[in-house]
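Enquirer: First residue of the sequence shown: 1, per full-length UniProt numbering; consecutive thereafter. Using N, Cα and C, we set each Cβ at its ideal position, and we do this for glycine too.
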Amino acid sequence: MSGANVKPVEEWFENLGQAKETRTKIHFYFQDVLGGESPTVYKVAQSGITATSPTTFGQISMVDDLLTAGPEPDSEVVGRAQGTIGFADLHDTAIHMGLNILFTQG
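(1) Using the rule of at least 16 other Cβ atoms within 10 Å of the residue's Cβ for burial, across every protein chain shown, is residue 103 buried or exposed?
(2) Are residue 74 and residue 40 touching if we call contact CB-CB under 8 Å?
(3) Cβ of residue 46 within 8 Å of Cβ of residue 58?
(4) Near residue 80, which residues of its chain fall below 7 Å by C-beta distance, leaving aside the five closest residues on each side in sequence?
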């Protein structure tokens, strides 16, 4: 592929103009409920060695946690965290998380 179309892109980028950088600090709490009447984390799969693994290797869980403004479970709800958690290392505790964060307040 030739670089014939590179110049217009470079010119566009140079003329784009840079917006002033702003920074926003957000603070929220995950309400992760592992048991009881209304858990928010459910194991959906495991490997053949998960039950005997010291690191729970191969366990996959689905998460649908509330996000709150404060650490208390009854704090104002500001959103949800939804996705997967997987235990990913045979020898050390290592968790792979893929979460979507949805803010509904604030």
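Expert: The relevant details are as follows:
(1) That one is exposed.
(2) Cβ distance not < 8 Å, so residue 74 and residue 40 don't count as in contact.
(3) A contact, by the Cβ cut-off of 8 Å.
(4) Closer than 7 Å at Cβ, skipping near neighbours: 64, 65, 66, 67 and 102.
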